[in-house]
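J.: Okay, here's the structure, questions in a sec.
2 protein chains.
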Amino acid sequence: MTTIKTVCKLAGVSTATVSRTLKNPEQVTAKTKERVFKAIEQAGYRPNSLASSIKTGKSNALMVLVPNLVNPFFLKIIQGIEIAAQEQGYSVLLGDTQGDIKRENEYAAMVLSNRADGLIHLDHSFPFSKNDAYLAEQVAMVSVCERIKSEHDYPFIELDNHAATRAITNHLVGYGHSHFGVITGQIESRIYQDRLAGIRSVLSEEGIPLDDNMIVGGEYSIEFGQQGIRQLLAQNNPLTAVICFNDDIAIGAIHELKKHGLRVPQDISVVGFDNIKVSAFIDPPLTTIDQPTLEMGKKAVEVVMQQIKGIPMSRNRFILPYSLLERDSSGPVRLQN
Amino acid sequence: MTTIKTVCKLAGVSTATVSRTLKNPEQVTAKTKERVFKAIEQAGYRPNSLASSIKTGKSNALMVLVPNLVNPFFLKIIQGIEIAAQEQGYSVLLGDTQGDIKRENEYAAMVLSNRADGLIHLDHSFPFSKNDAYLAEQVAMVSVCERIKSEHDYPFIELDNHAATRAITNHLVGYGHSHFGVITGQIESRIYQDRLAGIRSVLSEEGIPLDDNMIVGGEYSIEFGQQGIRQLLAQNNPLTAVICFNDDIAIGAIHELKKHGLRVPQDISVVGFDNIKVSAFIDPPLTTIDQPTLEMGKKAVEVVMQQIKGIPMSRNRFILPYSLLERDSSGPVRLQN
DNA sequence: CTGTTAGCGCCTTCAT
DNA sequence: ATGAAGGCGCTAACAG
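As given, the protein sequences belong to chains A and B, one line each in that order. Numbers 1 to 337, taken from the numbering used here, label the letters of the first sequence in order. Numbers 1001 to 1337, taken from the numbering used here, label the letters of the second sequence in order.
Here is the structure:
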C-alpha cells in the first residue's frame, strides 16, 4: 500500500505538507504543491479515508435500513437518499433487514461502531437492540414514511396519510361507491392507523358503513393483494370499490379480480397508493396516490445531516405533499349490484 | 466517545486484554473476561471499527455499483449481494451511477481509498477513471450480468444470453412465428451482442429473415418499450412476435400494443427477459427468461471475497442457468396476417 | 494469561 | 510556508 510517506520521499517534503496540499492547499506554495501533486500521481497515492476518519471521528457514511429492498417504492426513496448523500460527499451503506429484528439490530449498531454517522430508517421499529438503546439516544436518526416508536422523538418524514386516504375515498364516493373493501399492509404501524382513519372519517361523514371483515390484508405485497380479494369476495357482501394500501397490493388485487371474471373498473374499482413506476402501465392503469419519493429521500439526508452537524432542529416532523392520480382503475359504480 | 481506555480503567486491565476479550476470548481467563464484559457494558463501549480497519487494512465493506437502482432486476441481485455480504460480516456500500461516468469513477475510487475492500459492478464499463486505471489492476472486482471491458480479465457472472434468446426464439418459432421485431436495451454491451446473436442464429437456421429496421430500442425502460412498438409498427412490415430485452421493455410494449388496439398474444406475441416480480401479474402474464438473481448476487460476493482473501481463482467466468417461463403473452401465430 | 510497547496512516498543533 | 512530533482508537508482537 502506498502511503503518505511514499509521497513525502518522492517530493522531498514532510507528511504535514502532503496532508496540507490535499486538505488546505491555500497554505502551501504553488511550487511545493506542484511537486507534491506530481509525487502523488507518480506514487499512485490515495489517501486512506479510514485513517482520516479515525481522527475526525466521522466516517462520512449514512446507514440506510430498509425492511424490504424489493419493494419498488423504497427503491425510489433510496435513490433520492443516494443522490443527496453523494452531493454531500457521503456514501450510503445499505441494510436490508427483511423485517428481522436481529439483522436490524446488527445494522443499526454500525452507527454505534462509527461505520456510519447517521441512520435513515424506512420502517417504524426502533432499530436498536435493548442493549444499545441507551447508546442510541444520541444517534442521528430519521425515519421516512413511518415514525419510529420510541420515547425519544426522532424526526420523521412522511406525507399526510390521513388526508391522502380521505382524498382517495372521496374520489370513490364521488363516483357513487358505497360498498368498500380495504386491503391493508402491515398492521402494526402508524401508517395503518392514519390511512384507515382517513377512510373511516370520510365514510362516516357520508353515512357509509365499513364492516370490520371488509378490512383484510397484512403485508405490502402482490400476494396479499390476491389473497385479500379472495377474502373480500368470500364475505359475499356487495363490493364495488377496493382501497389498497400500496400499488403492489393493488396489482395483486386486479390480477385476482380478473381471474374471478370481474372487470376493473366496470364491476369493481381498485385504487392503490405510492405510484410506483409500473402502475401507469398495467391494465387498467392504476388510480393511486403519488408520493414524492425522491424528495423524501433527499429530505431524509438533509435532516440527518443537520443532526450530524449538530445544527439544532427547529422541528421534527416533515409532511410532504401527496397528489391523487386519477387513472383508469376507478370509475362510476355500476347501477345495480 | 467512550474508548477502549475507559473500559481499561473500569475493569482494571490493559487495552490489550480488552481487545483480546473481544477478538480472541479463548486467550483470556473466564474471570477477567467477565470483568471486562461488565466494564464494557457499564461504559457503553463500542469498538470503533474504523480504528481496527486501519490496522488490518480491511474495511469489511463491499462497494456495489448499479447503473440504475430503479430497475427491479438489479434490486433482486443487490438483495442477494446484501444477504451474502451480511453472512460474511461485510457491509454493502451502494452506488447508483446513473450511467454517469463521473459518479462511477468517484464510487469506484472508494475501493482505492480503502473504504471498501472489493467492487461488484452491475455494468459493463470499466468503472475507474484513467488516472486510477493503473491502481485498479489489483482491485478485487467482479461484474454481474455483464463483462467489464478491460485488458485485465475480471471475473464475471452471467447467464448464457445466447442460449437464452435461442430458447425464447425457438419457443416463438415453434408457435409458427416468422415475422419478428426486437426491442433491445443498451446497445454497447456484450449482452446486446450475445442476445441478438442468439436470436439471429435460430432465425437463420429456420430461414426466417430479420430485417435491421425491425431491431429497435436502446434502453432498458418501459418508455423504450412503448417507443419501440411505435417504431416497429411504423415500418408497416408484417409483425407477429416481439422479443424484448427485458421485462420493463415488454411491459411498455404490451401497454403500447393495446393502445393500438392490438391483442397480446392473439395478434402479437410479446416475450421479455429477467422475470421481475410483476411480470407474472400483468395482463397477460409475461413469457420471459428467468434469471437466478439471488444466486447471482450471492455468487458475486463469493467471487469477490475470494479475491480479497487472495485465494487463487480457478476460473473467471461463471455461467448460471436460466429457464424459460412460458406464460400467456406468447401464443400461436394468427393464420392470416 | 496479561501488560508493555510500538505502530497502522493520517492530521494537527507547535515550532522554526 | 514548512517540519517535527504527538496522538486518534485499536491491534499485535514481545515480554513477563
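Glycine included, each C-beta is placed from N, C-alpha and C at the ideal position. In this text the structure is predicted, and so the values were computed from the model without any measurement.
How would you list, in chain order, the residues of chain A whose beta-carbon sits under 8 angstroms from the beta-carbon of B:K1277?
T.: V70 and I222
J.: Suppose only complete runs of 4+ residues qualify. What are the alpha helix (DSSP H) ranges in the stretch 15-82 of chain A, listed by chain order?
T.: 15-23, 30-43 and 49-56
J.: Could you give the distance in angstroms between the alpha-carbon of A:T29 and the alpha-carbon of A:V7?
T.: Going from the Cα of A:T29 to the Cα of A:V7 covers about 17 angstroms.
J.: Closer than 8 angstroms by beta-carbon distance: list the chain A residues that pair up with B:L1093, in chain order.
T.: A61, S91, V92, L93 and L94
J.: Pull up the distance between the alpha-carbon of B:Y1220 and that of B:Q1291, whole angstroms please.
T.: The straight-line gap from Cα to Cα measures roughly 16 angstroms.
J.: Mapping the DSSP letters down to three states, classify A:L196 as helix, strand or coil.
T.: helix
J.: Where does A:C8 sit, in a helix, a strand or coil, going by DSSP?
T.: helix
J.: Between B:D1283 and chain A, is the shortest Cβ-Cβ distance under 8 angstroms, so that the two count as touching?
T.: True, the Cβ-Cβ gap to chain A drops below 8 angstroms.
J.: Report back the beta-carbon spacing between B:L1239 and B:H1171 to the nearest angstrom; my notes put them in contact at under 8 angstroms.
T.: No, B:L1239 and B:H1171 are not in contact; Cβ-Cβ is about 17 angstroms, not under 8 angstroms.
J.: Under 8 angstroms by Cβ, that's how I've got A:L112 and B:R1046 pegged, so tell me the actual separation to the nearest angstrom.
T.: Indeed, because the Cβ distance is near 4 angstroms, the residues count as touching under 8 angstroms.
J.: With distances taken between CB atoms, is the gap from B:K1076 to A:V70 smaller than 8 angstroms?
T.: A contact, by the Cβ cut-off of 8 angstroms.
J.: So if DSSP puts B:P1319 in a beta bridge, which residue, or which two residues, is it bridged to?
T.: The displayed chain sequence assigns Ile, not Pro, to residue 1319 of chain B. B:I1319 has B:E1158 as its beta-bridge partners, per DSSP.
J.: Which of the residues in the stretch 1247-1265 of chain B, read from start to end, lie with their CB under 7 angstroms from any CB of chain A?
T.: I1251, G1252, H1255 and K1258
J.: Could you check the C-alpha separation between A:T288 and A:I276 for me, to the nearest Å?
T.: 9 angstroms
J.: DSSP has B:T1184 in a bridge; who is on the other side?
T.: B:G1217
J.: Just to confirm my understanding: we take B:A1084, look at its own chain, exclude 5 residues before and 5 after, and list those with CB closer than 6 angstroms. What are they?
T.: K1298 and V1301
J.: Given 7 angstroms as the limit, tell me if B:S1201 has its C-beta closer than that to any heavy atom belonging to the ligand NAP.
T.: For the ligand NAP, the structure offers nothing, since it holds no ligand at all.
J.: For the beta strand (DSSP E) holding A:V270, just list the boundary residues, first then last.
T.: In the DSSP assignment, A:V270 falls within the beta strand (DSSP E) that extends over S269 to V271.
J.: B:I1120 bridges to which residues according to DSSP?
T.: B:V1064 and B:V1142
J.: The stretch 1111-1133 of chain B: which residues have C-beta closer than 7 angstroms to a C-beta of chain A, in chain order?
T.: Going along the stretch 1111-1133 of chain B in chain order, one finds L1112, S1113, N1114 and R1115 with a Cβ nearer than 7 angstroms to chain A.
J.: Tell me which same chain residues have a C-beta within less than 8 angstroms of the C-beta of A:N105, skipping the five on either side of it?
T.: P127, F128, S129 and D132
J.: So the candidates are A:D248, A:E137, A:F273 and A:G261; which of them puts its Cα closest to the Cα of A:S150?
T.: Of the listed residues, the one whose Cα sits closest to A:S150 is A:E137.
J.: Alpha carbon to alpha carbon, how far is A:G331 from A:Q266? Give it in angstroms, no decimals.
T.: Taking the straight line joining both Cα atoms gives about 7 angstroms.
J.: Could you run through the stretch 36-54 of chain A and flag, in chain order, every residue whose CB is less than 8 angstroms away from some CB of chain B?
T.: Result list: E41, G44, R46, P47, N48, S49, L50, A51, S53 and I54.
J.: Which bits of chain A does B:Q1079 rub up against, with CB to CB less than 8 angstroms?
T.: L69, V70 and D96
J.: If you follow the beta strand (DSSP E) that A:L93 is in, where does it begin and where does it stop?
T.: S91 to D96
J.: Which chain A residues sit within Cβ distance under 9 angstroms of B:T1297?
T.: Note that residue 1297 of chain B corresponds to Gly in the displayed sequence, not to Thr. In chain A, no part has a C-beta under 9 angstroms from the C-beta of B:G1297; the shortest such distance is about 11 angstroms.
J.: Roughly how many angstroms separate the alpha carbons of A:G185 and A:L122, rounded to a whole number?
T.: 14 angstroms
J.: Flag A:Q186 as yes if its beta-carbon sits less than 8 angstroms from any beta-carbon of chain B, otherwise no.
T.: no
J.: For a test of the three-state rule: what should DSSP assign to B:N1337, helix, strand or coil?
T.: In this predicted model, B:N1337 has a pLDDT of only 44, less than 50, meaning its place in the structure is not dependable; the value taken from the coordinates is given anyway. In the structure shown, B:N1337 sits in coil (DSSP, three-state: anything other than H, G, I, E or B).
J.: Within 8 angstroms (strictly less), CB to CB, does A:L135 reach chain B?
T.: yes
J.: With B:A1234 as the anchor, note down where its beta strand (DSSP E) starts and where it stops.
T.: Not the beta strand (DSSP E): B:A1234 falls in the alpha helix (DSSP H), residues I1222 to A1234.
J.: Taking the C-alpha atoms as reference points, what is the distance between A:D211 and B:G1080?
T.: 41 angstroms
J.: Quick one: residues in its chain with C-beta nearer than 8 angstroms to the C-beta of A:E146, no 5 flanking neighbours on either side, listed in chain order?
T.: So the qualifying residues of the chain are H121, L122, D123, H124, F156, E158, S189, R190 and I191.
J.: Under the rule that 16 or more other beta-carbon atoms within 10 Å means buried, what is A:I148, buried or exposed?
T.: buried
J.: Would you mind telling me which residues of chain A sit closer than 8 angstroms to B:P1099, beta carbon to beta carbon, in chain order?
T.: As written in the sequence, residue 1099 of chain B is Gly, which differs from the Pro given in the question. Chain A residues near B:G1099: none, gap ~13 angstroms exceeds 8 angstroms.
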